[in-house]
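Some notes on the structure that comes next.
2 protein chains.
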Amino acid sequence: MPARAKEPLSRDRVLAAALEVADAEGVPAVTMRRVAEVLDCEAMSLYHYVDKKALLAGLTEAVVGEIAVAALDDLPPAADPADWRDVVRRRCLAAREVMLRHPWAPPLVATQPQPPPTVYPLFEALVATMVDAGCGYELAHRAIHSLGPMLLGFTQELFEPTADDEGAASPQAEAMALAMPYLARLAEVAVHEAEGTIGLCDTQAEFEFTLGLVLDGLEAHRRVGAASAVGAASAVGAASAV
Amino acid sequence: MPARAKEPLSRDRVLAAALEVADAEGVPAVTMRRVAEVLDCEAMSLYHYVDKKALLAGLTEAVVGEIAVAALDDLPPAADPADWRDVVRRRCLAAREVMLRHPWAPPLVATQPQPPPTVYPLFEALVATMVDAGCGYELAHRAIHSLGPMLLGFTQELFEPTADDEGAASPQAEAMALAMPYLARLAEVAVHEAEGTIGLCDTQAEFEFTLGLVLDGLEAHRRVGAASAVGAASAVGAASAV
DNA sequence: ACCTGAACACCGTTCAAGT
DNA sequence: ACCTGAACACCGTTCAAGT
């Protein structure tokens, strides 16, 4: 604590403190006064480095940078370029792990006017992998748009079906089951499938499923595009429906 | 104005006022005092119906309800069940149009602890369409997870490459181009493709592309699943790679 | 019953003043 | 130069008081 009070303030120290507060107490707790408290100084001192907007932008930059590093780190450098899907998949899963450690981050990133510059190295690596595997730049561009939301954690749990204690069926739940028979049946099936596992929905498996859908679709486009550059989209549509 | 002051307050009037403020000035402007101003009353009067948390939850409920209505409305009731992809696609695009009119909504929805009940009719319709087309409930379940983020607008623009005035290449931009050759080339290609169009990225086209990837992938799973219920996932992986 | 005035704790931010 | 005390306008919220 005395050591901390000694070293001079800096943008990096301020952002590190903000990250600490966000991880421990969530984004709403990241106030100028709270961050200053962590740094053993007054709120007004922070204004030499950031105002509130810059503080949140810096926090976004930091967490996205952490994602980029994690996604780029743990890779053996792809023996065969044809394995591009596995390389991209592992990068996306590594990104997801970081986001799971910072569950407050996705909505924060989503409210920023610009993506932080720390995403670019990650995008560069993804484009490099795809282009080297024979994807055109047009396809790589679309892939960035398709995968971006998954990389930045926008794909999250939407559907936590209230973990019903079975048996205690509320009259409200019964009314819903009558009005929505398909969803009611789906819930039954989900409960049955989830026997013995942790939650009702296996979000990890569902993330990987969606990711696989996107990657397989992109691969199909790559193959068609490699053969002929024209009419690729419709040809793929026909091919994947076979 | 006098008429407005006359009619008594109600939860619905409060939420309508909040929606008005959000559309006009964004979510941060939705304060108890600002909403009260629109209703010609004092902030404290709102507390008979909502506190701040309930106000934002109600706002989420309202906007997601609007999506659900829009997505369910404009549909001729699907002559052929085999056209399930077209039906689902149109619903997703209708949902997107609503979100584009309320650009403040996605991050708000993302910060809510639970999805609002107003999504359920939409999920019901999607599951019904898929199951009637021969998808199993397991696949329909995964589809909800794959499509949910797209329906609720979590897929948004991440990559607005700063719309550079060409020619005025900053030294910073040049440094980035050297460090990230693939992204630099991708930007060139994107600029070339965008000649004569509005923005650098055609977000509508990119949304539709990703949506098509997901729908085609689901259709491939449906076909394999219809043939044999076991080992569907790996079979599809092989099939879509052909 | 429905609404409100006064008050409290907290927020972002400015600015003149300290060292 | 770097930091701070006092102050301002604005939040969410409580509660006793009005009608």
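Chains as they are written, first to last, in our numbering: chain A, 1 to 242; chain B, 1 to 242.
The beta carbon of each residue, even a glycine, is placed where N, CA and C say it ideally should be.
Checklist entry - So residue 89 (chain B) packs on residue 219 (chain B), CB below 8 Å; how close in whole Å? => result Not a contact, Cβ separation roughly 11 Å.
Next on the checklist: I need the DSSP call for residue 61 (chain A), collapsed to helix, strand or coil.
Outcome noted: Here residue 61 (chain A) sits in helix by DSSP.
Next on the checklist: When you compare the segment 64-81 of chain A with the segment 31-47 of chain A, are there three or more beta-carbon pairs, one atom per stretch, that lie closer than 8 Å?
Outcome noted: With a cut-off of 8 Å, the segment 31-47 of chain A and the segment 64-81 of chain A do not count as touching, because too few Cβ pairs lie within range.
Next on the checklist: Give me the residue from A:181, A:204 and A:109 with the minimum Cα distance to residue 128 (chain B).
Outcome noted: Measuring from the Cα of residue 128 (chain B), the nearest candidate turns out to be A:181.
Next on the checklist: Under 8 Å, with one C-beta from each stretch per pair, do the segment 189-198 of chain A and the segment 179-195 of chain B reach the 3-pair mark?
Outcome noted: The segment 179-195 of chain B and the segment 189-198 of chain A do not touch, with fewer than three beta-carbon pairs separated by less than 8 Å.
Item to check | CA-to-CA distance, residue 136 (chain B) to residue 29 (chain A), given in whole angstroms | outcome: Each residue's Cα considered, the two are about 44 Å apart.
Checklist entry - When burial is assigned at 16 or more other CB atoms within 10 Å of the CB, is residue 107 (chain B) buried or exposed? => result Result: buried.
Checklist entry - On the premise that residue 206 (chain B) lies in contact with residue 142 (chain A), defined as a C-beta separation below 8 Å, what is that separation, rounded to the nearest angstrom? => result Rounded, the Cβ-Cβ distance is 6 Å, consistent with contact.
Item to check | Among A:46, A:99 and A:47, the one whose alpha carbon lies nearest that of residue 71 (chain A) | outcome: Of the listed residues, the one whose Cα sits closest to residue 71 (chain A) is A:99.
Item to check | Short CB-CB distance (under 9 Å) between residue 185 (chain A) and chain B | outcome: Yes, residue 185 (chain A) lies at the interface with chain B (some Cβ there is under 9 Å from its Cβ).
Item to check | Among B:56, B:47, B:124 and B:173, the one whose alpha carbon lies nearest that of residue 20 (chain B) | outcome: Answer by Cα proximity: B:56.
Checklist entry - Does any C-beta atom of chain A lie closer than 9 Å to the C-beta of residue 33 (chain B)? => result No - not a single Cβ of chain A is within 9 Å of the one on residue 33 (chain B).
Checklist entry - Taking the C-alpha atoms as reference points, what is the distance between residue 58 (chain B) and residue 15 (chain B)? => result Their backbone Cα atoms lie some 6 Å apart in a straight line.
Next on the checklist: Can you confirm whether residue 118 (chain B), when its beta carbon is compared against all beta carbons of chain A, has any partner nearer than 9 Å?
Outcome noted: Using beta-carbon distances, residue 118 (chain B) does not count as an interface residue toward chain A, since no partner is under 9 Å.
Checklist entry - Count the other CB atoms within 10 Å of the CB of residue 101 (chain B); is the residue buried (16 or more) or exposed (fewer)? => result Per the 10 Å Cβ criterion, exposed.
Checklist entry - Rounded to the nearest angstrom, how far is the Cβ of residue 147 (chain A) from that of residue 69 (chain A), given a contact under 8 Å? => result 18 Å between Cβ atoms; not a contact.
Checklist entry - Ends of the alpha helix (DSSP H) at residue 126 (chain B)? => result From DSSP, the alpha helix (DSSP H) with residue 126 (chain B) extends over 120-132.
Next on the checklist: To the nearest angstrom, how far is the alpha carbon of residue 134 (chain A) from that of residue 226 (chain A)?
Outcome noted: For residue 134 (chain A) and residue 226 (chain A), the gap between their C-alpha atoms comes out near 7 Å.
Checklist entry - With 9 Å set as the bound, which would you pick, yes or no: does the beta-carbon of residue 99 (chain A) sit closer than that to a beta-carbon of chain B? => result Cβ-Cβ to chain B under 9 Å: no for residue 99 (chain A).
Next on the checklist: According to DSSP, simplified to helix, strand and coil, what is residue 23 (chain B)?
Outcome noted: Of the three classes helix, strand and coil, the one that applies to residue 23 (chain B) here is helix, per DSSP.
Next on the checklist: What does the alpha-carbon distance come out to for the pair residue 243 (chain B) and residue 87 (chain B)?
Outcome noted: Because residue 243 (chain B) is not part of the residues shown, which for chain B are 1 to 242, the question remains open.
Next on the checklist: Considering only the alpha carbon of each residue, which of A:44, A:42 and A:132 lies closest to residue 79 (chain A)?
Outcome noted: Restricting attention to A:44, A:42 and A:132, the CA atom closest to the CA of residue 79 (chain A) is found in A:132.
Checklist entry - Using a Cβ-Cβ distance under 9 Å, would residue 193 (chain A) count as near chain B? => result Closer than 9 Å: yes.
Next on the checklist: If I follow the unbroken alpha helix (DSSP H) through residue 114 (chain A), where does it start and stop?
Outcome noted: For residue 114 (chain A), there is no enclosing alpha helix (DSSP H), as DSSP marks it with neither H nor E.
Item to check | For residue 118 (chain A), the nearest candidate out of A:144, A:104, A:60 and A:91 (CA to CA) | outcome: The option with the nearest alpha carbon to residue 118 (chain A) is A:60.
Item to check | Cβ neighbour criterion (16 or more within 10 Å) applied to residue 26 (chain A) | outcome: With fewer than 16 Cβ atoms within 10 Å of its Cβ, residue 26 (chain A) is classed as exposed.
Next on the checklist: Measuring straight from C-alpha to C-alpha, what distance separates residue 8 (chain B) and residue 49 (chain B)?
Outcome noted: Looking at the two C-alpha atoms, the distance is approximately 12 Å.
Checklist entry - Where do the ends of the alpha helix (DSSP H) carrying residue 48 (chain B) lie? => result Segment: none, residue 48 (chain B) is in no alpha helix (DSSP H) and carries neither H nor E.
Checklist entry - CA-CA distance, residue 93 (chain B) and residue 149 (chain B)? => result A direct Cα-Cα distance of roughly 13 Å separates residue 93 (chain B) from residue 149 (chain B).
Checklist entry - Would you say residue 140 (chain A) and residue 126 (chain A) are within 9 Å of each other, going by their C-beta atoms? => result A contact, by the Cβ cut-off of 9 Å.
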